[in-house]
Each structure stands twice: as C-alpha cells, then as structure tokens.
Amino acid sequence: MTVPVTWQDVAALLPEFFLVVWASALLLLDVFWIREKRTTAWLSALGFVVALVLAVGQMGRAPLLAFRGMVIADAFSVFLVALFALSGLVGILLAQDYLARNGIERGEFYVLLMFSVVGMMLMARVADLVMIFLALELFSLPLYVMTGFARPRADSEEAALKYFLLGAFASGFMAFGIALVYGATSTTSLPHMVDVIQAGEADLALLTAGAALVLTGLGFKIATVPFHMWTPDVYHGAPSPVSGFMAATAKMAGFAALLRLFVLVFPVVADLTPVLWALAALSMVLGNVAAIAQRNIKRLLAYSSIAHAGYMLSAAVAFADPHLGPQAVAAILFYLVAYVLATFGAWGVVILLERRIGQEGLLLEDYAGLSRQYPGLAAAMAVFMLSFIGVPPTLGFFGKFYLFRVVLDAGFVGLALIGVLTSLVSAYYYLRVVMLMYMKPGEPIVRREPRVQATVLAAAALTLFLGLTAASSLYAWATEAILRFG
Amino acid sequence: MNGTQWAFLGVYFLLALIFPALPIVIAHFLGPRRPNPIKDDVYECGLKTYGSPWVPIKVQYYLFALVFLIFDVELVFLYPWAVAYDMLPMFAVFEGILFILMLGAALVYAWKREALDWYEPTMPEFRS
C-alpha cells in the first residue's frame with residue numbers, strides 16, 4: 003500500500019523545502035539574535051535567490067509525481083515556481099524601505115511573505131485535491147496578516163478583516179466543491195481522476211457542480227467579476243507593497259491551480275464553458291469601466307487587476323478543447339509574465355509617491371508633473387501603463403495578441419471583440435495617468451529609495467526589452483511549460 | 091446510487107420531519123393551557139444576563155486561545171501517530187518528528203514574544 007518516500011521526492015520539492023526551513027529558522031533568528039530588521043529582509047531576499055537557483059536547476063527534468071502523488075514537478079510548475087521565487091524577491095525589495103519609513107517594519111513580515119510564496123509554489127505543483135486546499139490556505143493566511151500589517155490604522159485592519167472573511171467564505175466554496183468532485187470520481191488524486199473520467203465512471207452532474215464550486219473558490223482568489231467585491235477595498239487598505247505583491251502573485255497562484263484543474267482534469271465538464279465565458283466578459287467590462295471613475299491610484303490598479311483577470315480567463319474558456327488547451331496555457335503564462343512585470347513596476351511607483359501610509363500622494367493628481375522632475379520614473383510608469391493597455395512594442399501587446407489568438411481559434415469571436423473593445427476603454431484611464439505625468443504642471447514628492455527605484459526601472463526595461471526582442475522566444479518557453487501528469 | 095436508495099432517503103427525511111412535529115401537534119391539542127408571565131418568558135438556562143454583554147475583552151485571552159488551539163490540534167494529529175508508533179515506516183516517524191519540531195519552533199517563538207506571560211492590569215497609582 004505504501005510507496006516508500008525517497009530523496010527523489012524531496013528533490014522534486016527542493017525550492018519549497020528550502021524556503022520553509024529558511025523561513026522557520028529566520029523566524030527564530032529574528033526574535034533571538036537579529037537586532038536590525040534590515041538584516042532579516044536581506045536574509046529572506048537571499049533565501050529567495052537560493053530558491054530561484056534551485057527552481058532553475060529543476061528545469062528540463064522529466065515530470066515527476068512526488069510524495070505518493072500529492073505534488074508534481076513538471077515543466078509548468080517549475081516555470082511558475084521560478085516566477086514565484088523571483089516575485090518574492092521583488093516583494094521584499096519593494097517592501098523593505100516602505101515598512102521602515104512607516105514604522106511598521108517587523109521581522110515577521112518577511113517570514114510571512116516567504117510562507118505565502120511557498121503556498122503559491124505548491125499551488126503550481128498540486129496533483130491532489132487535498133493539496134489544492136492546503137496550498138490555497140498556506141498562501142492565503144499570511145496574506146490576510148500582511149494586509150493588516152499597518153495596524154492600528156483602521157483602513158488596513160478593515161481591509162484585513164474583509165479579505166479574511168471573504169477569503170474564508172471562498173475557502174468554504176472550495177472545500178465543498180472538492181467534496182463534490184471527490185464524490186463524483188471517488189478519488190482525490192488528479193491523475194487517477196483523469197483515468198476515472200476517461201473510463202466513464204464519473205458522475206458527470208456531480209462533477210460539473212463540484213467544478214463550478216471550485217471555480218467559485220478560485221474566482222475569489224483571482225478576483226473575477228461576481229467575486230471581485232473585496233479587491234478595491236483590500237488593495238486600497240493594505241500597505242502598498244502588500245497590495246502589489248497580492249495583485250501580482252495571488253493571481254498567478256489562482257490561475258496555476260485553475261489551469262491544472264480545468265485543462266487537465268475537467269475538459270469533460272464542457273458545460274461550464276458559457277460560465278467561464280460570462281465570468282471573463284463581465285470581468286473585462288466591469289473592471290475597465292469601474293476603473294474610469296477612480297481617482298485613487300491604488301483603487302485604479304485594483305480595478306485594472308480585475309480586468310486583467312478577465313483577459314486571462316478569456317483564454318481559459320478554451321479549456322475543453324484538447325488541442326487548444328496547451329495553447330491557452332502558454333498564452334496565459336505569457337500574459338502572466340507581462341502582467342506581473344507591469345504590476346510590480348506600477349506598484350513600485352505608487353510606493354515611491356505615497357507620502358505617509360494610506361495618505362497623501364495616492365491621488366491621480368499627485369502624479370502631475372512627474373516627467374519634469376523625475377523623467378526616468380515617469381517614463382517607466384508610462385511603459386507600465388502602455389503595457390497594461392497592450393500597445394506595441396511592450397510585452398503587454400504580445401500578451402494580448404497571444405491571448406486573443408487562442409480565443410479566436412476557439413471560435414469565441416464575441417469574447418475576443420469584448421476584449422479588444424474593453425482594451426480601448428482601458429486606454430482612457432491608463433493614458434490619463436500618462437497625460438497627467440507629462441502634460442500637467444505639478445510638484446510631485448518622490449522618495450529616494452534606490453532598491454524600489456532599481457526594481458521599477460528593471461521592470462520597465464524588461465517590459466520594453468522583452469517586448470522588442472524576445473517576445474517570441476519567451477512564448478516558445480511558455481509553450482514548453484505544458485501541464486503534465488506523467 | 092439507484093432510485094430505490096434515493097426513495098429511502100426521501101422517506102427518511104419525511105420521517106425526520108414528522109417525528110419531532112407529531113408530539114408538538116399532539117401537545118397543542120391535548121395539553122391544558124394556563125399561561126402566566128413566567129411561562130411565557132423566553133426559555134433560557136442559567137441566570138439572567140446582567141448588564142450589556144458587549145464589553146471589551148482583554149486581547150490576551152485571544153492570544154492564549156490561539157496558542158492553545160495550535161497545541162490542541164497538534165494533539166489530534168499526534169495521538170494516532172503515537173498509538174501506531176511501533177508499526178510505522180521510518181518516513182512516518184520522521185514526519186511526526188518534523189511536525190513536533192515545527193510546533194516546537196512556534197512555541198519558542200510565542201514564548202520569546204511573551205505570548206505566554208499574563209499581564210495583570212496595573213493600577214495607575216502603582217505605576218512608577
């Protein structure tokens with residue numbers, strides 16, 4: 003009955019193992035020995051660098067089911083694990099100065115961030131229903147705490163409570179969906195589930211209901227439209243580095259599990275295609291239209307993140323097509339890279355301009371005149387905005403190009419049309435930021451924080467450079483990151 | 091599940107509804123009715139509440155409850171592990187030890203952060 007667990011299993015999860023041990027050690031080091039919180043930040047950044055190296059070392063290996071089929075190390079998960087390690091590193095670079103200047107730097111922040119990233123990495127690796135739930139909770143719980151990190155500021159606490167209550171509610175949906183899927187297939191192991199479904203032994207009605215509930219639970223995490231209510235308030239109330247980190251990585255983690263489930267296991271529940279269609283269309287329309295009315299940059303970016311979840315979900319609508327599934331995965335992975343780069347960069351600019359936590363410097367008017375005094379920063383912000391719109395030659399353009407191609411290949415012309423039209427709508431509010439920066443006079447006050455500035459400039463350079471030279475090779479790389487179970 | 095089993099379930103639900111409802115209905119028709127204010131009062135155990143229950147509770151209770159919860163759940167996991175200890179493969183033994191070590195780290199952390207110390211509220215005049 004029991005398959006022995008060997009070092010091979012540990013090797014399959016090496017980045018995660020390393021991060022957990024490192025984070026636990028850092029937690030104790032921080033309370034006992036470390037006097038300067040800066041040291042904790044650097045040590046956790048070092049941990050992410052090592053994890054990144056370990057993840058890159060896993061590339062090119064044959065897919066491997068580990069720990070009795072609970073997790074899998076395939077090309078898809080390694081791609082995302084490397085991306086998560088990098089995101090963790092960026093998250094720390096963005097957070098450290100911000101926390102220090104606002105007097106909320108505690109060593110636990112970095113430890114929580116590391117645990118959260120481990121949960122996200124496991125979301126990319128799931129091969130079992132139980133593991134999905136565990137990974138989801140592991141990455142969500144630290145995020146709830148990090149959202150409330152600016153206590154006793156009321157809006158931060160409110161955001162944390164809202165996020166926690168709705169997140170717990172979503173976890174309930176998730177657990178119920180998992181129970182129904184288990185009931186329909188009598189197994190929790192995803193590879194085994196594929197066999198059961200192919201043999202025609204699964205209860206399809208029950209499976210569809212279960213898949214719909216799982217979709218609801220994941221929809222909360224990636225903030226698609228009927229489940230998006232928490233997003234603006236939480237992104238607004240949370241400390242800006244946490245919002246940026248959440249906007250970039252929580253969405254990636256949600257999509258990782260969603261793609262693995264729907265493309266590999268659930269193609270049989272093609273009944274859900276119209277549901278996904280509606281979710282994608284609603285997110286694109288509502289996210290972009292609501293963003294127009296925002297005067298606060300944090301809320302604007304929150305609605306924009308909802309819209310981008312809609313764009314990515316529109317490619318996932320093709321999940322039931324066995325030929326287009328892999329293409330949709332590649333397009334979404336590519337889009338995620340473009341989105342994460344622009345998101346981290348844009349939130350980095352927000353962090354530089356935010357004067358005191360949650361106060362001055364967050365309105366769109368505060369960006370007026372940025373190009374006069376800080377031309378580099380303004381140019382970087384303009385690149386992120388253009389990438390969000392999808393203007394060539396930024397990476398965002400190629401992201402949208404590949405996404406809409408999948409949508410069109412799948413025959414959803416209406417959805418592709420909605421995507422293109424809402425992109426045009428989004429140009430209005432993204433370009434307003436650019437217009438304010440370049441054409442309106444103003445005296446913006448910007449922090450001199452070299453780590454954040456370097457991160458912003460690097461993200462802008464990558465968005466432009468990858469878009470100009472390496473878009474097709476990046477897409478080829480994403481295409482190799484196919485989902486596998488063996 | 092086939093049709094008959096669903097039918098059984100339906101009959102079961104029906105019975106589950108009727109069984110508690112029947113005595114209430116019978117009591118309604120047969121029972122004598124002599125109401126007084128005490129009988130009409132909302133039924134409640136214990137003493138009547140005194141003052142408003144919406145008083146602030148010391149946050150330390152929550153901290154204690156949280157730490158307690160961790161080790162409470164630990165016990166649930168470790169009990170079957172301990173009972174089957176001599177039958178387990180080496181991997182399960184290591185797994186259990188790892189689990190205890192992690193919780194140990196959490197305990198050390200909570201201890202160092204003074205989550206286990208109880209602070210009595212000091213009266214203002216005793217403050218130096």
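Note that the protein sequences, when read in sequence, are chains A and B.
Take any residue in the first sequence, note its place counting from 1, add 2, and you have its number in the numbering used here.
Take any residue in the second sequence, note its place counting from 1, add 90, and you have its number in the numbering used here.
Each residue gets a CB set at the ideal place from its N, CA and C atoms; glycine is no exception.
What you are looking at is a predicted structure, and each value in this text was computed from that prediction instead of being measured.
Continuous alpha helix (DSSP H) stretch holding residue i: start and end
i, result
"ILE294(A)", "275-294"
"ILE391(A)", "377-391"
"LEU476(A)", "473-482"
"TYR337(A)", "326-355"
"ILE36(A)", "It is not in any alpha helix (DSSP H) - ILE36(A) carries neither H nor E in the DSSP assignment."
"ILE190(B)", "180-202"
"ILE224(A)", "206-224"
"THR457(A)", "452-467"
"TRP232(A)", "232-239"
"GLY421(A)", "415-441"
"PHE406(A)", "397-411"
"GLY202(A)", "No alpha helix (DSSP H) contains GLY202(A), which DSSP labels as neither H nor E."
"ALA258(A)", "253-261"
"PRO6(A)", "From DSSP, PRO6(A) is part of no alpha helix (DSSP H); its letter is neither H nor E."
"GLY246(A)", "242-247"
When the options are compared against residue i, the one with the closest alpha-carbon
i, options, result
"ILE94(A)", "LEU85(A), MET116(A), ASN290(A) and THR233(A)", "MET116(A)"
"ASN104(A)", "LEU15(A), LEU364(A), GLU356(A) and PHE390(A)", "GLU356(A)"
"GLY185(A)", "ALA162(A), THR210(A), GLY413(A) and GLN200(A)", "THR210(A)"
"PHE111(A)", "THR149(A), ALA382(A), ALA84(A) and TRP9(A)", "THR149(A)"
"LEU30(A)", "PRO17(A), LEU16(A), SER46(A) and TRP9(A)", "SER46(A)"
"LEU485(A)", "SER306(A), LEU54(A), TRP9(A) and ALA330(A)", "ALA330(A)"
"ASN490(A)", "HIS325(A), LYS253(A), VAL352(A) and LEU28(A)", "Examination of residue 490(A) is not possible in this model, given that chain A is present from 3 through 488 alone."
"LEU466(A)", "MET437(A), LEU372(A) and ALA340(A)", "ALA340(A)"
"VAL216(A)", "PHE166(A), PHE268(A), ILE199(A) and SER242(A)", "PHE268(A)"
"ALA272(A)", "ALA412(A), TRP24(A), VAL427(A) and PHE336(A)", "ALA412(A)"
"GLY371(A)", "TYR165(A), VAL113(A), MET437(A) and TYR100(A)", "MET437(A)"
"LEU91(A)", "GLY246(A), ALA207(A), ALA259(A) and VAL128(A)", "GLY246(A)"
"GLY469(A)", "VAL183(A), ALA25(A) and LEU397(A)", "LEU397(A)"
"VAL120(A)", "ALA311(A), TYR404(A) and ALA255(A)", "ALA255(A)"
"LEU266(A)", "ALA304(A), MET314(A), ALA318(A) and LYS223(A)", "ALA318(A)"
"GLY347(A)", "ALA382(A), THR251(A), LEU206(A) and ALA53(A)", "ALA382(A)"
"THR251(A)", "ALA13(A), PHE229(A), LEU278(A) and LYS223(A)", "LYS223(A)"
"SER118(A)", "LEU21(A), LEU167(A), VAL55(A) and GLU160(A)", "LEU21(A)"
"SER142(A)", "THR481(A), PHE171(A), PHE19(A) and ARG434(A)", "PHE171(A)"
"LEU354(A)", "TYR146(A), LEU220(A) and ARG450(A)", "ARG450(A)"
Residue environment, residue i, which counts as buried when at least 16 other CB atoms sit within 10 Å
i, result
"MET133(A)", "buried"
"ASP130(A)", "buried"
"ARG262(A)", "buried"
"MET441(A)", "exposed"
"LEU99(B)", "exposed"
"PRO377(A)", "exposed"
"SER218(B)", "Its pLDDT being 42, under 50, SER218(B) is placed unreliably in this model, and the coordinates cannot settle the point."
"LYS402(A)", "buried"
"GLY421(A)", "buried"
"MET3(A)", "Interpretation of MET3(A) is limited by its pLDDT of 46, a score under 50 that renders its predicted location unreliable; the figure taken from the coordinates is listed afterwards. It is exposed - the Cβ of MET3(A) has fewer than 16 other Cβ atoms within 10 Å."
"PHE216(B)", "For PHE216(B), the predicted model reports a pLDDT of 44, less than 50, meaning its position is unreliable and no value from the coordinates is stated."
"PRO179(B)", "exposed"
"ALA64(A)", "exposed"
"GLY179(A)", "buried"
"THR190(A)", "buried"
"TYR209(B)", "exposed"
"HIS238(A)", "buried"
"ALA380(A)", "buried"
"TRP9(A)", "exposed"
"TYR169(B)", "exposed"
"GLY327(A)", "buried"
"SER474(A)", "exposed"
Beta-bridge pairing of residue i - partner residues as DSSP gives them
i, result
"ILE108(B)", "Per DSSP, none; premise fails for ILE108(B)."
"VAL58(A)", "DSSP lists no partner for VAL58(A)."
"ILE74(A)", "LEU67(A)"
"LEU365(A)", "ASN298(A)"
### Query
Going along the chain, which unbroken runs of the alpha helix (DSSP H) with 4 or more residues stay wholly within the region 133-197 of chain A?
156-187
### Message
I'd like the ranges of any alpha helix (DSSP H) spanning at least 4 consecutive residues and lying wholly in the region 106-161 of chain B.
### Response
127-130
### Query
Fully enclosed by the region 92-133 of chain A, which alpha helix (DSSP H) runs are 4 residues long or longer?
109-127
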